[in-house]
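Only one structure is covered here, and it is reproduced in the block below.
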Amino acid sequence: MSLSTIPSAEDIARLKSRVEYLRVELVKRTEDFQEKRRDIKAFMDVLKVQPTIEFEKMVINEEIPSFPLSIDTMYKVEN
């Protein structure tokens, strides 16, 4: 091994500094990802329920406002 291929103390210090910076960035990005993942899961849960709520609003019986028609009731009425 020649002396020209051995890194200097400055090079080693820069490399260690860069590695530490990248570790910190990895932790930050992982935390950000986990937070966004929780937000996305919560939003998906809302989307699972939201269409049902909107559908029930559309089929509320005007004569009896407190009685929304269910899918089963609508099916029985049709048949």
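Under this note's numbering, residues 1157 to 1235 are what the sequence shown spells out, in order.
Note that the Cβ used here is the ideal one computed from N, Cα and C, for glycine as well.
Nothing here was measured: the structure is a model prediction, and the numbers come from that model.
Alpha carbon of residue i to alpha carbon of residue j, nearest angstrom
i: residue 1184; j: residue 1200; result: 24 angstroms
i: residue 1188; j: residue 1208; result: 31 angstroms
i: residue 1169; j: residue 1163; result: 10 angstroms
i: residue 1195; j: residue 1166; result: 43 angstroms
i: residue 1205; j: residue 1182; result: 35 angstroms
i: residue 1190; j: residue 1160; result: 45 angstroms
Same chain only: Cβ atoms within 8 angstroms of residue i, ignoring 5 sequence neighbours per side
i: residue 1178; result: none
Local conformation of residue i per DSSP, three classes
i: residue 1162; result: coil
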